[in-house]
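S.K.:
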Amino acid sequence: MSPLGRRLAIVATCLVSLALCCGLAWWQWDRFMSASGTFQNLGYVLQWPLFGLFPAFMFWRIKKLREREQAEPAAAEPPAREAAVTVPAPRRATPPPADGDDELAAYNRYLRELNARDQQS
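According to UniProt numbering, the sequence shown holds residues 1 to 121 in order.
#1: Terminal residues of the continuous alpha helix (DSSP H) containing residue 7?
#2: Taking the straight line between their C-alpha atoms, what separation do you get for residue 103 and residue 88?
#3: Near residue 28, what residues of its chain come up, given a Cβ to Cβ distance below 7 angstroms and the 5 sequence neighbours on each side ignored?
#4: Among 39, 21 and 8, which residue has its Cα nearest to the Cα of residue 59?
#5: What's the C-alpha gap between residue 36 and residue 67?
#6: Tell me the residue span of the alpha helix (DSSP H) that contains residue 55.
Structure (structure tokens):
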């Protein structure tokens, strides 16, 4: 798609979204003004235009992020490393001091057994 066609599609999407959501806001306003209208309808009157503006905000935000990414191409590239990165082996947790709680000690033994089974498979 050409850049002009893409821009026209973005503008059309934003305008259709805004028109549709403003129509829904008008419908909620009519509901609010009717005999069965509530303040919830009034809340929707305020929310629908914001929902309609959201696609325009997202296209603007994506454009700004792309401009920032293009302005800093050197910072985005990770530095070249010749040495291999080594990850240290995980340390074993030291068992908590025994306070005489047999139930907790039995539970911890059970967890160690489950962990050992998982390590074997």
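Yeah, the Cβ is synthetic: ideal placement off N, Cα and C, and Gly gets one too.
M.R.: Concretely, from the data shown:
#1: On the sequence shown, residue 7 is found 7 positions in, with the first residue counted as 1. Counted as a single uninterrupted DSSP element, the alpha helix (DSSP H) harbouring residue 7 occupies residues 3 to 33.
#2: In the sequence shown, counting from the first residue as 1, residue 103 sits at position 103. In the sequence shown, counting from the first residue as 1, residue 88 sits at position 88. Approximately 34 angstroms between the Cα atoms of the pair.
#3: The residue you call residue 28 lines up with position 28 of the sequence shown. Same-chain partners within the cutoff: 41, 44, 45 and 48.
#4: Here residue 59 corresponds to residue number 59 of the sequence shown, with the count starting at 1. Looking from the CA of residue 59, the closest CA among 39, 21 and 8 belongs to 8.
#5: If you number the sequence shown from 1, residue 36 lands on position 36. If you number the sequence shown from 1, residue 67 lands on position 67. Our two residues, residue 36 and residue 67, have alpha carbons roughly 49 angstroms apart in a direct line.
#6: Residue mapping note: residue 55 aligns to position 55 of the sequence shown, counting from 1. Residues 39 to 71.
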